[in-house]
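Numbering (the working numbering), first residue to last: 1309 to 1458.
Beta carbons are placed, not taken as given, at the ideal position from N, Cα and C, and that holds for glycine.
Computed from a predicted structure; not experimentally measured.
Quick notes on the structure that follows.
This is the structure in structure tokens:
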């Protein structure tokens, strides 16, 4: 279970699963030194922007990031911050990588962002929504209470 985060005027629990692909799907993140450097940069990003990195994994040509951020940041902004700062730092430390990526970009333009909750999956939400207004729903819940939705 993920702990609640506290800001000056709110309490939140927001986590994202993000996937970034390297430009041209080049397998440039297999080297342990590069992977560790990527994690170090993410750690510094976390300190600066108050992001919480729970897990980072790579398959060489793409990266999976499990990260939490305050509600002040839109998911696309979280992705933009991570991608831009990591690319800039990787190019600075490993200039040979820039030569392998004609065009000068480390990441592809797109990516994947999914929200993650404690045990709440898309199937659970879909089932809940589909039951709304049915006799089955009325039998299960005489009145919907926020605490009952898990």
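To which residues does DSSP link residue 1427 through a beta bridge?
Its beta-bridge partners do not exist; DSSP assigns none.
Per DSSP, what kind of secondary structure is residue 1339 in: helix, strand or coil?
Residue 1339 falls in the coil class under three-state DSSP.
Suppose contacts are defined by Cβ-Cβ distances below 8 Å. Is residue 1346 in contact with residue 1363 by that definition?
Cβ distance not < 8 Å, so residue 1346 and residue 1363 don't count as in contact.
Pull up the distance between the alpha-carbon of residue 1349 and that of residue 1321, whole angstroms please.
Their Cα atoms are separated by approximately 23 Å.
Based on Cα-Cα distance, which residue from 1370, 1424, 1379, 1384 lies nearest to residue 1415?
For residue 1415, the nearest C-alpha among the options comes from 1370.
Can you say whether residue 1324 is buried or exposed, counting buried as having 16 or more other CB atoms within 10 angstroms of its CB?
Per the 10 Å Cβ criterion, buried.
So, under 8 Å CB-CB, residue 1512 and residue 1386 are touching, yes? Tell me the CB distance rounded to an integer number of Å.
With the chain represented from 1309 up to 1458, any question about residue 1512 goes unanswered, as that position is not in the structure.
Looking at the secondary structure, which residues open and close the alpha helix (DSSP H) in which residue 1394 lies?
Run containing residue 1394: 1383-1401, per the alpha helix (DSSP H) assignment.
Enumerate in chain order the residues of its own chain whose CB-to-CB distance from residue 1357 is below 7 Å, with the five nearest sequence positions on each side excluded.
The residues are 1389.
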